[in-house]
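Undergrad: For the sequence shown, the tail end lands on 367 under the working numbering, and the numbers increase by one without skipping.
Glycine included, C-beta positions come from ideal geometry on N, C-alpha and C.
Here the structure is a predicted model, which means the values were calculated and not measured.
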Amino acid sequence: MSMKGKKGIIFGVANDRSIAWGIAKKLLEEGAEVAFSYNGERLKRSLDKLLQNHPSSKLYDCDVSAEENILKVAEQYKAEVGQCDFLVHSIGFADKSYLEGAFLPTPKDVFLQAMDISAYSLVSLTRAFKPLMTKGSSVLALTYLGSEKVVQNYNVMGVAKAALEAIVRYLAYDLGPEGIRVNAISAGPVNTLAARGISDFTDLLKIHRKIAPLRENTTPEHVGGAAYFLLSDLSFGVTSEIMYVDGGYNTVTVGPISAYDKEL
Ligand code: NAD
Ligand code: 0WE
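This is how it looks when you write it as structure tokens:
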């Protein structure tokens, strides 16, 4: 099925490795009209380069930590594009120095900022764009297994993702009667900008490859395929769902013994 005639906006493309770019490529390929939001001038240049073949795409500057920025983007989008058939939230942030070591030391300001940018922003964005949505519109967020199981070092982001997933369910309940769907994709680890500099990330990718039933790392293209399903009319019966796109990793508790340290 094609996305022709559908219009929407994607938050969170930073560069060509972004999960959101994997989603954007698929939607553009299927004929959707896609607008983008970026956080700061530096990322606008990155988007301009990626969208050379789509010069008519609308771009909006938006730091989601301020409500007024979100309201302004929704207003501009309403004037320039109009309807919103899909909205993608692919944004996460926490102070990097608390994404290593113990969770216990996390200060309140670090906790609240992670919650604000990574979870609450989905509420603000959905509220701001809801007047432009109609029956069949679809909202999608990106999450990670660290919300439900401990992943060493994920810490405050795990708590924020748990909130994000609960937000998906409450928004799906609120908007369901109007035929608007809200879902999330729980992606396996992907080597993106947001993963750069995370301690042991390379080992995390390696462990995933050894243990996941599909024996490969998740790619933005894998996520793009599932996102296309969730944003298109193919998924008209699906809402409030957290869909894993992780090669099956989340279903395994003891994987191949060869994957573990021989020193055990
Ligand atoms: P990325 O760095 O490409 O994308 C993160 C985006 O968040 C960037 O575009 C950045 O500009 C944006 N952002 C951060 N703070 C913001 C703010 N205040 N206002 C507006 N935008 C802001 O990395 P990614 O890995 O593609 O991350 C996208 C989403 O996928 C995130 O929600 C992340 O938690 C989730 N996710 C990532 C992985 C992974 O391993 N990379 C796995 C599962 C889920
Ligand atoms: O959600 C994410 C990325 C989260 C993230 C990453 C950064 C790095 C740069 C949030 N905030 C920041 N802040 C920065 O300054 N992922 C799912 C990827 C990820 O991050 C981890 C992981 C995985 C997987 C951190 C620790 C352990 C595992």
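#1: Can you tell me which residues form a DSSP beta bridge with residue 189?
#2: Smallest Cα separation from residue 189: which of 244, 164, 110 and 133?
#3: Only counting runs of 4 or more residues, tell me where the alpha helix (DSSP H) segments fall wholly within the region 121-168, in order along the chain.
#4: Could you tell me which uninterrupted beta strand (DSSP E) segments, each at least 3 residues in length, are contained entirely in the region 330-358, listed from first to last along the chain?
#5: Listed in chain order, which residues are found with a beta carbon closer than 6 Å to a heavy atom of the ligand 0WE?
#6: Between the alpha carbons of residue 126 and residue 363, how many angstroms are there, rounded?
#7: Go through its chain and collect everything with a Cβ distance to residue 287's Cβ below 8 Å, but skip five positions before and after it.
#8: Check the DSSP bridge columns for residue 230 and list the partner residues they point to.
#9: Around the C-beta of residue 195, are 16 or more other C-beta atoms found within 10 angstroms, so that it is buried, or is it exposed?
#10: I think residue 122 touches residue 221, with their Cβ atoms under 8 Å apart; what is that distance to the nearest whole Å?
#11: Do residue 349 and residue 289 have their CB atoms nearer than 8 Å?
#12: Could you tell me if the beta carbon of residue 142 falls within a distance shorter than 7 Å of some heavy atom in the ligand NAD?
#13: On the CB-based measure, 16 or more other CB atoms within 10 Å of its CB, does residue 136 come out buried or exposed?
#14: Quick one: give me the first and last residue of the alpha helix (DSSP H) that residue 172 is part of.
#15: Apart from the five residues just before and just after residue 310, which ones in its own chain have a Cβ nearer than 8 Å to its Cβ?
#16: Whole-angstrom Cβ separation of residue 187 and residue 232, contact assumed at under 8 Å?
#17: What is the rounded straight-line gap between the Cα of residue 255 and the Cα of residue 209?
#18: Under 8 Å, with one C-beta from each stretch per pair, do the region 327-343 and the region 311-318 reach the 3-pair mark?
#19: So residue 139 and residue 167 are supposed to be a Cβ contact under 8 Å. How far apart are they, rounded?
#20: Measure the CB-CB distance between residue 173 and residue 240 and report whether it falls below 8 Å.
#21: Can you name the residues that DSSP bridges to residue 284?
#22: Please name the residue in 336, 329 and 160 whose C-alpha comes closest to that of residue 105.
TA: According to the structure shown:
#1: 111 and 241
#2: 110
#3: 122-132 and 144-153
#4: 345-348
#5: 195, 196, 197, 199, 202, 247, 254, 256, 257, 260, 292, 297, 298, 301 and 307
#6: 33 Å
#7: 243, 244, 245, 246, 267, 268, 271, 344, 345 and 346
#8: In the DSSP output, where bridge partners are listed per residue, residue 230 has none listed.
#9: buried
#10: 14 Å between Cβ atoms; not a contact.
#11: yes
#12: yes
#13: buried
#14: 170-183
#15: 362
#16: 5 Å
#17: 14 Å
#18: no
#19: Actually they do not touch by this definition, with Cβ atoms about 14 Å apart.
#20: no
#21: 241
#22: 336
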